[in-house]
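Per our numbering, the very first residue in the sequence shown carries number 2; after that it's consecutive.
Taking it in order: structure first as structure tokens, then the write-up.
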Amino acid sequence: MHDVIIIGAGIVGCAAAYSLSKYKLRVLVVEQGPDVAMAASRANSGIIHAGYDPPPGTLMADLNVQGNAMYPDLCRKLDVPFRNNGSLVVAREGEEEQLEELLRRGRANGVPDLAILGRDEVLNREPNIAKDVAAALYAPTAGLISPWEMTLAFAQVAAVNGVTFRFNTRVTGVLTEDDRIAGLETTAGRLAARVVINAAGVHADLLAHMAGAERYEILPRKGQYLLLDKELDGWVKHTVFPLPNPKSKGVLVLPTVDGNILAGPTAEDILDREDNSTTREGLARVRESALQLFPDLPLNRVISSFAGIRAVPVDGDFIIRSSARIWGWIDAGGIQSPGLTAAPAIADKLIRLVAGLIPLQPREEHHDRRSTLRLRELPLQERQRWIQRNPLYGRIICRCEGVSEGEIVDALHGPVSATTLDGVKQRTRAGAGRCQGGFCQPRLLTIVARELGISPCAVTKAGPGSPLVAGRLNKGGAGDEE
Ligand SMILES: Cc1cc2nc3c(=O)[nH]c(=O)nc-3n(C[C@H](O)[C@H](O)[C@H](O)COP(=O)(O)OP(=O)(O)OC[C@H]3O[C@@H](n4cnc5c(N)ncnc54)[C@H](O)[C@@H]3O)c2cc1C
């Protein structure tokens, strides 16, 4: 019997697991994908929003501003790179009144230090921006993180504190007795629980209906992106937004925490909740809109494209509540943007909801720190010390990103370790550089097979159904594994 089962290992599920791991509870996270952050928490802009965008008085506004204030300290504790680059919303002549409205909204939400900058100051801060910019709303508290790494950090600390993660396990039913949660039906069998937190992203409404809890509706909205090469680091400094529209914050241009440039996302209402494909038309729209902000953006340096799906709640606000119909069911649904920013504050709210159902007793001792070895960021002498300790740190496998075999081996062991090539890529950046794995993938595959003790044919890109090799072409021919 688990005290709490969390459905979904996105940023919300993992932040909740991290916060709950400080209490004496048996906690399980059930995730249908092979790793953490397989959905919206993987494919987003990575912005820690300042909080001027959500309407005052909404949960989105409160939790955005609270979450924003929590990140710098959290990132220090959990060793997740954080870049406090500030954001600009730019307006052309005649549009300045809309900046005033955002400024009023931001102040009502409690966002600190907002200011409207004139043209010269904007050009001074962003020399490559379109010259017809008239003014911008500047939010110095906006920042950047790797959403994937943040999710992993929450999960790893939670795991060290005793939270269990079950990947490749889909929840297919909710078990109730006398309008109380009894457990979950999953593809790996039945799991008993006293409390269930529904953090299933774009599927959360379907699970709430399954449980018999209060109904709500989520609309999937796709966002497509272009990722540009790291050699452009510094070309764009702030997160630069156009004026928002009723559907989204618009197509923005921003640096990533790793030094790339990102342009996107589109806002396309779709029917298929799993359709994260990119399209020629979508990416053309990203190009066109990005050039309106930065006319000289070097779009010949695009190295990759991707898409994420927002879980847009029909009623507009986050849905974070204990069900009044089914005791023990807690929803964290409709967590669209700024859900990444709000996640640590959402987790705090979820803990209070759990405390309203079952007693929470703090653990006398728990871990609250994490550190990750990133050799390429270390001075040469320090790097040499690591190589003396383990020569695998001296064998560079990914030349674009300078990732060693030792770091790859580390990613395949320890808490919430990688089981797929994408998992290794996310944890180490091996294969995330200019060649996108073109050179290092065969070597990565061999290392993964060796470390996991499996055949190369069993190594997958992103879990079941995505093998990289089918077999050997000698003797028995394709399909013959050995
Ligand atoms: C294009 C885009 C841009 C964004 N930009 C930003 C931004 O810059 N800043 C910001 O603050 N926010 C941003 N967001 C919002 C942010 O990404 C989301 O709010 C956040 O990632 C939601 O996290 P989550 O854990 O609720 O959902 P998800 O990350 O979607 O996780 C839900 C998990 O549940 C699992 N799951 C679903 N159904 C089941 C089941 N039946 N059984 C088991 N597991 C299941 C899924 O596999 C998934 O891993 C953006 C979102 C998108 C799509």
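Positions of the beta carbon are idealized from the N, C-alpha and C atoms, including for glycine.
I need the boundaries of the beta strand (DSSP E) containing residue i, first residue and last residue.
i           : result
residue 3   : 3-8
residue 425 : Residue 425 -> not in any beta strand (DSSP E); alpha helix (DSSP H) instead, spanning 422-429.
residue 314 : 303-314
residue 194 : 190-199
residue 118 : 116-119
Have a look at residue i and residue j and give me their C-alpha separation to the nearest angstrom.
i           : j           : result
residue 21  : residue 352 : 7 Å
residue 130 : residue 153 : 34 Å
residue 483 : residue 71  : Its pLDDT being 40, under 50, residue 483 is placed unreliably in this model, and the value from its coordinates should be taken loosely. Roughly 52 Å between the two C-alpha positions.
residue 19  : residue 121 : 45 Å
residue 382 : residue 410 : 22 Å
residue 440 : residue 39  : 25 Å
residue 3   : residue 78  : 28 Å
residue 95  : residue 50  : 26 Å
residue 176 : residue 463 : 30 Å
residue 472 : residue 216 : 48 Å
residue 391 : residue 413 : 16 Å
residue 260 : residue 108 : 31 Å
residue 242 : residue 127 : 12 Å
residue 264 : residue 290 : 9 Å
residue 399 : residue 288 : 29 Å
residue 319 : residue 60  : 6 Å
residue 192 : residue 371 : 30 Å
residue 317 : residue 338 : 11 Å
If residue i and residue j are in contact, beta carbons under 8 Å, what's the gap, nearest whole angstrom?
i           : j           : result
residue 32  : residue 167 : 7 Å
residue 326 : residue 114 : Actually they are not in contact, since the Cβ atoms of residue 326 and residue 114 sit about 43 Å apart, beyond 8 Å.
residue 334 : residue 206 : 6 Å
residue 490 : residue 165 : Only positions 2 to 483 of the chain appear in this structure, which leaves residue 490 out of reach.
residue 90  : residue 143 : In fact, because the Cβ distance is near 10 Å, the residues do not count as touching under 8 Å.
residue 422 : residue 453 : Rounded, the Cβ-Cβ distance is 11 Å, inconsistent with contact.
residue 214 : residue 328 : Actually they do not touch by this definition, with Cβ atoms about 10 Å apart.
residue 466 : residue 200 : The Cβ separation is near 24 Å, so there is no contact.
residue 377 : residue 403 : 4 Å
residue 157 : residue 346 : Rounded, the Cβ-Cβ distance is 21 Å, inconsistent with contact.
residue 92  : residue 135 : 6 Å
Would you kindly report the start and end of the unbroken alpha helix (DSSP H) that includes residue i?
i           : result
residue 186 : Note, residue 186: premise wrong, no alpha helix (DSSP H); beta strand (DSSP E) at 181-187.
residue 450 : 442-453
residue 107 : 97-110
message: At 4 residues or longer, what runs of the alpha helix (DSSP H) sit wholly inside the stretch 8-92?
response: 12-21 and 60-79
- request: May I have a chain-ordered list of the beta strand (DSSP E) segments no shorter than 3 residues that lie completely inside the stretch 201-285?
  value: 219-229, 240-242, 253-256 and 262-265
field: Entirely enclosed beta strand (DSSP E) segments - the stretch 124-172, minimum 3 residues
entry: 134-140, 144-146 and 165-167
message: What ranges does the beta strand (DSSP E) occupy inside the stretch 360-431, keeping only unbroken runs of at least 3 residues that lie completely in it?
response: 397-399
task: Give, in chain order, every unbroken run of the beta strand (DSSP E) that is at least 3 residues long and sits entirely within the stretch 310-354.
output: 320-323 and 330-334
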